[in-house]
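Quick notes on the structure that follows.
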Amino acid sequence: MSRAPLLPAYSAGQPEAGGGPDREYGPPAGLRQRPLVFAHRGCSSLAPENTMAAYKKARDFGVPGIELDIHATLDGKLAVAHDDTFKRTAPPDNNGGGRLLEELSYDEIRRIDVGSFFGSPWSSERPPLLEDVLEEFCPAMYVDIELKSRKTKNDSLPGLLAEKLKALGGTISSAVTVSSFNPFALRTFKKAWYEIRNGQKRKAGAGRRALRETPDIPTAVIWSADREVPPVLRYGLGRIPAGCDYLKPVCKQVNAFSMFRFKLEGRPVVPWTVDDLPLAEKLINAGCAGIITNRPQDMTGLWAK
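Positions 299 to 603 (the numbering used here) are the ones given, in order, by the sequence shown.
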């Protein structure tokens, strides 16, 4: 059963595909250089997480990829932020009243200071929209978009993302991956992307094979043994209902046995969060396709070879 390849490369100046429904999607031209390196929420050890400053800092270091998190806002926008609220990353008097991001309009969100918690020089940082990040950094950098959703049905976030990526076009969509702790959100995204890209509904009962064959955008299920993760999803079983293309386990769960098993399944592995260069090299030598790190400034030797 085929899966979407992990990050097909986009060649600058490459002509678009010919006629037909795929016209606006440039064809893959090979793979991005391995190992893949994603700056976790940007260069979050040197700048406030999930801000344009953190992503620009990663770019300044030459990091090839970034990871970020998105929520659907009350007015259907895609805001970049990790937590369900801004209580942790914004001042008490300017955090949206502690409400969930889904209960805030983007007009409210764009006024929230998400930089001061990291230091006063960053007080001008505001939560960006996803499209602003992608248009600034893709396709020169690749981006892992994490869906922040706890819903198992009636979830608008996956469909909004599929629509936004379609609107942004193939130059950008070929430079992204989509991931989540929530296998149902991933499954919904793959179905929505399949229908949007192909201009037709996926047949009922098509099953996991049809989900895996959704072209262009690889998806990954994330997991760890953290108590916030439902017990059934703490050791990677979400990959089964998700129909995902690659895997994002916490680095502590990557070992020789798990790598052997995932290799048999044909799923690349990109563990998180790896902030030690010797550990990163060990994981890559064990067969991981890349890493996600808070400290990309310490990992330059991985991609600058």
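Glycine included, C-beta positions come from ideal geometry on N, C-alpha and C.
Collapsed DSSP secondary structure at E444 in the structure displayed: In the sequence shown, residue 444 corresponds to position 146, counting from 1. When secondary structure is reduced to three states using DSSP, E444 falls in the strand class.
With a threshold of 7 Å between beta-carbons, can G417 be considered close to chain C, or not? The structure shown contains no chain C, having only a single protein chain.
For G395, name the three-state secondary structure that DSSP assigns. Within the sequence shown, numbered from 1, the residue matching residue 395 stands at position 97. Three-state DSSP puts G395 in a helix.
Measure the alpha-carbon distance for K546 versus N592 and round it to whole angstroms. In the sequence shown, residue 546 corresponds to position 248, counting from 1. In the sequence shown, residue 592 corresponds to position 294, counting from 1. If you take the alpha carbons of K546 and N592, they lie about 15 Å apart.
Taking Cβ to Cβ, would you say A351 is nearer than 7 Å to E423? In the sequence shown, counting from the first residue as 1, residue 351 sits at position 53. In the sequence shown, counting from the first residue as 1, residue 423 sits at position 125. Taking 7 Å as the Cβ cut-off, A351 and E423 qualify as a contacting pair.
Specify the secondary structure class of I410 as computed by DSSP and reduced to three states. The sequence position of residue 410 within the sequence shown is 112, counting from 1. DSSP, read as helix, strand or coil, puts I410 in coil.
Through-space distance from V335 to G588, alpha-carbon basis: Mapped onto the sequence shown, residue 588 falls at position 290. Mapped onto the sequence shown, residue 335 falls at position 37. Going by C-alpha positions, G588 is about 6 Å away from V335.
So V431 is in the alpha helix (DSSP H); what residue range does that whole segment cover? Mapped onto the sequence shown, residue 431 falls at position 133. In this chain, the alpha helix (DSSP H) harbouring V431 covers L428 to F435.
Pull the bridge partners of E365 from the DSSP assignment, please. Counting from 1 along the sequence shown, the entry for residue 365 is found at position 67. Its beta-bridge partners are H338 and D442.
Taking contact to mean 3 or more Cβ pairs, one atom from each stretch, closer than 8 Å, check whether the region 450-469 and the region 405-413 are in contact. Flag = no, the region 450-469 and the region 405-413 do not touch.
Just list the residues that DSSP pairs V572 with in beta bridges. As a position in the sequence shown, residue 572 is number 274, starting the count at 1. DSSP lists no partner for V572.
What are the partner residues of I590, as DSSP defines its beta bridges? Translated into positions along the sequence shown, residue 590 becomes position 292. According to DSSP, which records beta bridges pairwise, I590 is partnered with F336.
Can you name, in chain order, every residue of its own chain whose Cβ lies under 6 Å from the Cβ of N393, other than the five neighbours on each side? Start at 1 with the first residue of the sequence shown, and residue 393 comes out as number 95. For N393, where only same-chain residues beyond five positions count, the Cβ hits under 6 Å are F384 and K385.
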